[in-house]
Each structure stands twice: as C-alpha cells, then as structure tokens.
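Asks:
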Amino acid sequence: MKLTTKGRYAVTAMLDLALHNGEQPVSLAEISERQDISLSYLEQLFAKLRKAGLVVSMRGPGGGYQLNGAAADIVIADIISAVDENVDATRCGGLGDCQDNKRCLTHDLWMDLSNQIRVFLSEITLADMTAKMEVQETAARQHNKRIDFIHSHSH
1 MKLTTKGRYA
11 VTAMLDLALH
21 NGEQPVSLAE
31 ISERQDISLS
41 YLEQLFAKLR
51 KAGLVVSMRG
61 PGGGYQLNGA
71 AADIVIADII
81 SAVDENVDAT
91 RCGGLGDCQD
101 NKRCLTHDLW
111 MDLSNQIRVF
121 LSEITLADMT
131 AKMEVQETAA
141 RQHNKRIDFI
151 HSHSH
C-alpha cells in the first residue's frame with residue numbers, strides 16, 4: 001500500500017485548515033505547531049494544494065491560507081492527488097508488468113483494492129471529517145496544548 005507521508009500530511013494539514021477556517025487566514029506556522037509537521041514541508045505541500053485550486057493564500061501580516069470553497073466540496077482523494085500521490089496497492093503501479101513483463105497472479109485483486117480505496121477516499125469530504133466527534137476532541141486537545149505552551153513561556 002503506497003500512501004506515503006506526503007499524502008498523510010497533506011490530508012492532516014487540510015483537515016487542520018478546515019477546522020480553523022474562518023474570517024482570518026491560517027498560517028502554516030500554526031498548522032506546523034499543532035500538527036508537528038515541519039514548516040518547510042508544509043510550504044512544499046501547500047504550493048501544490050494552491051496550484052490544484054484547493055486553497056488560496058493571503059499575503060502580508062496576518063496572511064496565511066484558507067480553503068478555496070466549502071469543506072463539503074473538497075474530498076480526501078483530491079487532496080492526495082494534489083500532492084502527486086496515488087493510492088496503488090499493486091507492485092507494478094497498475095501497469096500489469098509485475099512478473100516477467102506480464103500480469104502476476106494477484107494483479108486484478110490489487111487493482112480492485114486500489115479502486116476501492118480511491119472510491120472510499122472520493123466519498124469523504126473535509127466537512128465529513130470535521131463533523132466527527134473524535135476529530136473535534138483531538139483538535140480541542142491540540143488547541144489547549146498550544147494555549148498551555150504559550151502561558152508557560154510568557155512568564
């Protein structure tokens with residue numbers, strides 16, 4: 001199964017953005033701090049997400065990113081595709097040249113699994129994810145951790 005760190009981090013960062021999407025743009029530094037993803041890595045991911053039209057950037061003081069549209073219109077599969085990831089369970093990348101340049105015995109099984117994963121991720125939106133109680137609880141814990149950190153370092 002090839003869903004690499006790039007795809008996972010992109011989904012995590014977009015979910016964080018969806019949870020904090022409001023009047024003000026969200027800075028990558030805030031996402032970096034809440035999600036423990038390096039700022040330089042987020043910059044690379046968000047360049048691709050912006051190019052794919054999933055986010056818009058605001059420059060200047062108080063700048064950052066916002067979702068380009070409603071969270072209900074952004075599916076997880078689009079986020080993964082935007083960062084040049086594909087969910088592929090085959091060894092051959094779907095080419096069918098797995099064994100001596102021909103299909104291996106289980107090629108169709110792994111192709112079907114890849115398609116099922118693609119369908120599954122195409123049916124889940126950022127809004128679906130933000131509505132989950134577990135996601136809300138985790139976001140609240142991350143927010144409180146940040147506030148505790150700020151208070152402990154301001155004395």
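Going by the UniProt record's numbering, 45 is the number at position 45 of the sequence shown; the sequence numbering is gapless.
Don't be surprised by glycine CBs; every beta carbon is placed ideally from N, CA and C.
1) If I'm right that ASP16 touches GLN44 with Cβ under 8 Å, what's the distance once you round it to whole angstroms?
2) Do VAL85 and GLY22 have their CB atoms nearer than 8 Å?
3) Do SER32 and LEU42 have their beta-carbon atoms positioned less than 8 Å apart in this structure?
4) Taking only the alpha-carbon atoms, compute the straight-line gap between HIS20 and VAL26 and give it to the nearest angstrom.
5) Determine the burial state of ALA77: buried for a count of at least 16 other Cβ atoms within 10 Å of its Cβ, exposed for fewer.
6) Could you tell me whether the Cβ atoms of TYR65 and LEU28 are closer together than 8 Å?
7) Return helix, strand or coil for LEU67, following the three-state DSSP convention.
8) For the segment 54-114, which segments carrying the alpha helix (DSSP H) assignment without a break, of at least 4 residues, lie completely within its bounds, in sequence order?
9) For ALA10 and GLN24, what's the separation of their Cα atoms in angstroms?
10) Check each candidate in GLU30, VAL75, LEU95 and PHE120 and name the one with the smallest Cα separation from GLY63.
Replies: Short version:
1) The pair is not a contact, with the Cβ atoms about 16 Å apart (cut-off 8 Å).
2) Here the sequence assigns Glu to residue 85, which means Val is not the residue at that position. Going by C-beta atoms, GLU85 is not nearer than 8 Å to GLY22.
3) yes
4) 7 Å
5) buried
6) yes
7) strand
8) 76-82
9) 20 Å
10) GLU30
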